[in-house]
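**Student:**
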Amino acid sequence: MNTENLIRNHQIKPLSHSPFAHMDHKKASHEAVALADKAARAFSNWSTVNPEEKRKLLLNAAANIRKHSAELKKIAAEEVGSADNFLDMNIDIAVEFLQEAASLTTQINSDLLPNSSAHSLSLAVRQPVGVCLGIPPWNVPILLSVRAIALPLACGNTVILKASELCPKTHQRVIEIIKDSGFPENVINIITNRPDEAGDVVESLISHPAVRHINFTGSTRVGRLIAELSAKHLKRCILELSGKAPFIVLDDANLDKAVEAACYGAFMNQGQLCISTERVILQDPIADEFTQLFVAKAKTLTSGLNHDASHKLGALIDTKSGKRLQAIIDDAVEKGASVLCGGTVNGCYLDATVIDNVTPSMRIYYEECFGPLVHIVRCCSDDDALSIANDTEFGLAAAVFSQDTYRAMNIAKRIESGICHINSTTVADDARAPFGGMKSSGHGRFGGSHSINEFTESRWITIANDDCPPPQI
1 MNTENLIRNH QIKPLSHSPF AHMDHKKASH EAVALADKAA RAFSNWSTVN PEEKRKLLLN
61 AAANIRKHSA ELKKIAAEEV GSADNFLDMN IDIAVEFLQE AASLTTQINS DLLPNSSAHS
121 LSLAVRQPVG VCLGIPPWNV PILLSVRAIA LPLACGNTVI LKASELCPKT HQRVIEIIKD
181 SGFPENVINI ITNRPDEAGD VVESLISHPA VRHINFTGST RVGRLIAELS AKHLKRCILE
241 LSGKAPFIVL DDANLDKAVE AACYGAFMNQ GQLCISTERV ILQDPIADEF TQLFVAKAKT
301 LTSGLNHDAS HKLGALIDTK SGKRLQAIID DAVEKGASVL CGGTVNGCYL DATVIDNVTP
361 SMRIYYEECF GPLVHIVRCC SDDDALSIAN DTEFGLAAAV FSQDTYRAMN IAKRIESGIC
421 HINSTTVADD ARAPFGGMKS SGHGRFGGSH SINEFTESRW ITIANDDCPP PQI
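So in my numbering, the last spot in the sequence shown is 473, and the numbers never skip.
(1) On the three-state DSSP scale, how would you describe tryptophan 460?
(2) What did DSSP end up calling alanine 428 once you bin it into helix, strand or coil?
(3) Between isoleucine 463 and cysteine 155, what straight-line distance do the alpha-carbon atoms span, to the nearest angstrom?
(4) Measuring CB atoms only, is the segment 59 to 67 touching the segment 231 to 249, in the sense that at least three cross pairs come out at less than 8 Å?
(5) Quick one, which of Gly130, Ile191, Gly182 and Asn157 has its alpha-carbon nearest glutamine 172's?
(6) Would you report the Cα separation of glutamine 270 and serine 122, rounded to the nearest angstrom?
(7) Leucine 151 and phenylalanine 455 - do their beta-carbons sit closer together than 9 Å?
(8) Can you tell me whether tyrosine 349 is buried or exposed? The criterion is at least 16 other CB atoms within 10 Å of its CB, across all chains shown.
(9) Starting from threonine 158, follow the beta strand (DSSP E) in both directions and report where the run begins and ends.
(10) Thinking C-alpha only, which one of Ala101, Thr105, Asn465 and Gly130 is nearest arginine 147?
(11) Confirm, please, whether the CB-CB distance from threonine 220 to phenylalanine 394 is below 9 Å.
(12) With a threshold of 6 Å on Cβ separation, who are the neighbours of phenylalanine 446 within its own chain once the five nearest residues in sequence on each side are excluded?
(13) Quick check for students: name the residue ranges of the beta strand (DSSP E) that lie wholly in the segment 184 to 250, counting only runs of 3 or more.
(14) Given a threshold of 16 other Cβ atoms within 10 Å of its Cβ, counted over all protein chains shown, does leucine 234 qualify as buried or as exposed?
(15) For the alpha helix (DSSP H) holding valine 95, just list the boundary residues, first then last.
(16) For the 8 Å Cβ check, are there 3 or more pairs between the segment 51 to 58 and the segment 131 to 144?
(17) For the segment 26 to 46 against the segment 198 to 206, do three or more pairs of beta-carbon atoms, one drawn from each stretch, fall closer than 8 Å, so that the two count as touching?
(18) Given this structure, state the Cα-to-Cα distance separating asparagine 115 from alanine 76, to the nearest angstrom.
(19) When you compare the CB positions of alanine 261 and alanine 399, do they come within less than 9 Å of one another, or not?
(20) Hey, could you find the ends of the beta strand (DSSP E) glutamine 283 is sitting in?
(21) Around the Cβ of aspartate 467, are there at least 16 other Cβ atoms within 10 angstroms (buried) or fewer (exposed)?
(22) Assess, as a yes-or-no matter, whether the segment 124 to 132 is touched by the segment 69 to 86 under the definition of 3 or more beta carbon pairs within less than 8 Å.
(23) Can you give me the start and stop residues for the beta strand (DSSP E) that aspartate 356 sits inside?
(24) From serine 458 to serine 417, what distance separates their C-alpha atoms?
(25) As a quick exercise: from Asn390, Leu133, Ile419 and Val377, pick the residue whose alpha carbon is nearest that of leucine 396.
(26) Of the residues Pro184, Asn215 and Asn357, which one's Cα is nearest the Cα of alanine 163?
(27) So what does DSSP say about cysteine 468, is it helix, strand or coil?
(28) Over what stretch of residues does the alpha helix (DSSP H) that includes glycine 265 continue unbroken?
(29) Report, in whole angstroms, the separation of the C-beta atoms of leucine 241 and serine 440, which I expect to be a contact under 8 Å.
(30) On the DSSP bridge assignment, give the partners of alanine 62 in chain order.
(31) Expressed to the nearest angstrom, what Euclidean distance is found between the alpha-carbon atoms of alanine 412 and serine 381?
(32) Looking only at its own chain, which residues have a Cβ that is under 7 Å from the Cβ of glutamine 326, when we skip the five neighbours before and after it?
(33) Let me know if serine 321 comes out buried or exposed under the rule of 16 or more other beta-carbons within 10 Å of its beta-carbon.
(34) Take lysine 99 and list the residues in its own chain whose beta-carbon comes closer than 8 Å to its own, dropping the five residues that flank it on each side.
(35) DSSP on glutamine 127, reduced to helix/strand/coil?
(36) Quick check on glutamine 472: buried or exposed, where buried means 16 or more other Cβ atoms within 10 Å of its Cβ?
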């Protein structure tokens, strides 16, 4: 866990470096257990609340998030340095997730199964799992904290949100706003902790008998630990993890549109997204022209304070991230790569950076950068582009640009990613869509009716009529 922004148990604003209050948990593990106990007691009543009431509360929550959007954006900007346009998107999609969850409260259905006996009924019944633990990251602080709890609540579960150590105030305020929308006591819970307490808190919660499901969004390294701990206790989990999104541009693509989409995907939120475009794969006939247009656009994307309108990019999360990105850039240059724009980190700031002449021997080729840093790879055919796109351990998001939809679809179906966009950016989310990854980018899906199965248990219940003959031994 990152400790750089924590001094004397205060959270530090990344831009001003001035502290604001951070909750002090001297006995974090004991508090985690007590919180799970409270959530378990609340579950017995919340799980029986009718769909109409749950829908009303979730719609209230959506309206209240919108009402408090200016406050939430201010807090999030102070904690993680996100630019205003990105925080607007946070609010918009967070509201959509709550509205979609509200609509799904009446879509949790049971099925009447075919039955060989004329004297009984056979049912497949969906029921809430119990207490759900959500562990969102810092990089999309408003949206992902909402996503972690919205559908679990709609499905009749109680929830615990373990706040990120890097944006505890944002997560705390999101939860307060949703709780104040009329939810019963202890249905929605939150715990914050110091970085050195995180492991104990998470282990205490996952091992608690009442906690039956975990959703985690973050790095693959930590996701493996969450998966291991969940498996140890035989609990299901959704893991949405690291990415290395490819952006394929075929030789018949509309280059102007492709350039705009690639810049958005690579540099939105300073590239600090698991779905950020990290690899631009260009077919030879259009490679030089695309690169020229792409670099010209990227050069206009400089970083600076969020309130300074002359800068499109905000701050990195901390100087540690900046040092890691500079090391990746320096490694590529030492091994023969060319920096076409950007390339120099200044504390928490890095202008949009494009690297060319990249080879598999460089860190940038395989490693998730998680910054405003993208590299170009050239290819000679559709199959070559596909091979390069799949040459990664990750498989979260991808994009393909072509004016031949069938051709693009043929590639999209073979890309090893949970998400692929044709003629659009890799950075996209939709509350109705199945959002999640493959390979080392995790498993399970957030979004819409696709995730009802994630947050409910399927049970088989039979009903024998009075005239049903008893089984004979």
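We treat Cβ as the ideally placed atom computed from N, Cα and C, and that holds for glycine.
**Tutor:** Taking the definition as stated:
(1) For the purposes of this step, residue 460 is taken as residue 460 along the sequence shown, with counting starting at 1. Correct three-state label for tryptophan 460: strand.
(2) For the purposes of this step, residue 428 is taken as the residue at position 428 of the sequence shown. DSSP places alanine 428 in coil when its eight states are reduced to three.
(3) Within the sequence shown, the letter at position 463 stands for residue 463. Within the sequence shown, the letter at position 155 stands for residue 155. Computed Cα separation, rounded: 24 Å.
(4) no
(5) Position 172 of the sequence shown, counted from the start, is the residue given in the question as residue 172. Closest by alpha carbon: Ile191.
(6) Residue 270 sits at position 270 when you count from the first residue of the sequence shown. Residue 122 sits at position 122 when you count from the first residue of the sequence shown. The alpha-carbon atoms of glutamine 270 and serine 122 are separated by roughly 53 Å.
(7) Here the question's residue 455 lines up with position 455 in the sequence shown. Here the question's residue 151 lines up with position 151 in the sequence shown. Yes, the Cβ-Cβ distance between phenylalanine 455 and leucine 151 is below 9 Å.
(8) What you label residue 349 is simply residue 349 of the sequence shown in a count that begins at 1. Its Cβ being crowded by 16 or more others within 10 Å, tyrosine 349 is buried.
(9) The sequence position of residue 158 within the sequence shown is 158, counting from 1. Looking at the DSSP string, the run of the beta strand (DSSP E) that includes threonine 158 is 158 to 162.
(10) Along the sequence shown, one-based indexing puts residue 147 at 147. Ranking the options by Cα distance to arginine 147, first place goes to Ala101.
(11) The sequence position of residue 394 within the sequence shown is 394, counting from 1. The sequence position of residue 220 within the sequence shown is 220, counting from 1. Yes, they are a contact pair.
(12) The residue given as residue 446 occupies position 446 in the sequence shown. Counting only Cβ-Cβ distances below 6 Å, and skipping sequence neighbours, we find Arg147 and Phe435.
(13) 188 to 191, 211 to 217, 236 to 240 and 245 to 249
(14) Taking the sequence shown and counting its residues from 1, the one referred to as residue 234 is at position 234. Burial call: exposed.
(15) Residue mapping note: residue 95 aligns to position 95 of the sequence shown, counting from 1. Valine 95 -> alpha helix (DSSP H) spans 84 to 104.
(16) no
(17) yes
(18) Sequence index remark: in the sequence shown, residue 115 carries index 115 (1-based). Sequence index remark: in the sequence shown, residue 76 carries index 76 (1-based). Their backbone Cα atoms lie some 54 Å apart in a straight line.
(19) The residue given as residue 261 occupies position 261 in the sequence shown. The residue given as residue 399 occupies position 399 in the sequence shown. Against a cut-off of 9 Å, the Cβ pair of alanine 399 and alanine 261 comes out as a contact.
(20) Here residue 283 refers to the residue found at position 283 of the sequence shown. Its beta strand (DSSP E) spans residues 277 to 283.
(21) Position 467 of the sequence shown, counting from 1, holds the residue named residue 467. Exposed is the call here.
(22) no
(23) Position 356 of the sequence shown holds residue 356. Element bounds for aspartate 356: 353 to 356.
(24) Numbered from its first residue, the sequence shown carries residue 458 at position 458. Numbered from its first residue, the sequence shown carries residue 417 at position 417. Going by the C-alpha atoms only, they are around 27 Å apart.
(25) For the purposes of this step, residue 396 is identified with residue 396 of the sequence shown, where counting begins at 1. Comparing Cα positions, the closest option is Ile419.
(26) Within the sequence shown, the letter at position 163 stands for residue 163. The candidate whose alpha carbon is nearest that of alanine 163 is Asn215.
(27) Numbered from 1 along the sequence shown, position 468 holds the residue referred to as residue 468. DSSP places cysteine 468 in coil when its eight states are reduced to three.
(28) Sequence index remark: in the sequence shown, residue 265 carries index 265 (1-based). Per DSSP, glycine 265 belongs to the alpha helix (DSSP H) from 255 to 267.
(29) As a working mapping, residue 241 is identified with position 241 in the sequence shown. As a working mapping, residue 440 is identified with position 440 in the sequence shown. Contact flag correct, Cβ pair sits at about 7 Å.
(30) For the purposes of this step, residue 62 is taken as the residue at position 62 of the sequence shown. Its beta-bridge partners do not exist; DSSP assigns none.
(31) Position 412 of the sequence shown, counted from the start, is the residue given in the question as residue 412. Position 381 of the sequence shown, counted from the start, is the residue given in the question as residue 381. If you take the alpha carbons of alanine 412 and serine 381, they lie about 15 Å apart.
(32) In the sequence shown, the residue the question calls residue 326 occupies position 326. Val345, listed in sequence order.
(33) Translated into positions along the sequence shown, residue 321 becomes position 321. Classification for serine 321: buried.
(34) Here residue 99 refers to the residue found at position 99 when the sequence shown is read from its first residue. Rather than lysine, the amino acid found at residue 99 in this sequence is glutamine. Leu58, Leu59, Ala62 and Ala431.
(35) Counting from 1 along the sequence shown, the entry for residue 127 is found at position 127. In the structure shown, glutamine 127 sits in a strand (DSSP, three-state: E or B).
(36) Sequence index remark: in the sequence shown, residue 472 carries index 472 (1-based). Glutamine 472 should be labelled exposed.
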